[in-house]
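Note that full-length UniProt numbering has the sequence shown beginning at 1, numbered continuously upward. The C-beta atom is built at its ideal place from N, Cα and C for all residues, glycine as well. Keep in mind that this is a model prediction, so the values were computed, not measured. Data first, discussion second: the structure below is written as structure tokens.
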Amino acid sequence: GVVYIAPGDFHMVVKKENEIHKIRLHQGPPRNFCRPAVDELFESIAETYDGSSVGLILTGMGSDGKEGAKKIKEQGGVILAQDAETSVVFGMPKAVIEAGLADEVLSLEQIPQRLKEIFKVQENAKRDV
């Protein structure tokens, strides 16, 4: 797997161009007082991918990620949220949990193993097709 991190002051989105998924950066207006904003990324993922998406909300201030998590859920994706005990600032995960959008609430230590399990199931499902 590969992890991409949005640089400061840029939103990161995923776009499908000529059947290829590409990451794009832009400096649109802040959302939820944030740039980069999780909502911007999650909404682009929901628009670009089918229900195979997984959104992960980690520690953070405010409610950024809640609207994007809703879009991923509407497309059949899965949302994981970090628990209060292991969050430094519980704002973002709390907003997603209270909105009823989190499929699972996990400690920071549990998240890597759960992601491995989810992606292994998805990979096996692709092989069965």
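Around G77, the same chain offers G51, S53 as residues with beta carbons nearer than 6 Å, after the five sequence neighbours per side are excluded. Shown here, Q113 sits in a helix according to DSSP, grouped into three states. In the three-state reduction of the DSSP assignment, V96 falls in the helix class. V38 sits in a helix when the DSSP states are folded into three classes.
Here V96 is buried: its Cβ has 16 or more other Cβ atoms, across all protein chains shown, within 10 Å.
Taking a contact as a CB-CB distance under 8 Å, the pair K71 and A46 counts as one, their CB atoms being some 4 Å apart. For the region 11-79, the full-length beta strand (DSSP E) segments reaching 3 residues or more read 11-17, 20-26, 54-57 along the chain. Per DSSP, reduced to three states, the secondary structure at V3 is coil, with no helix or strand assignment.
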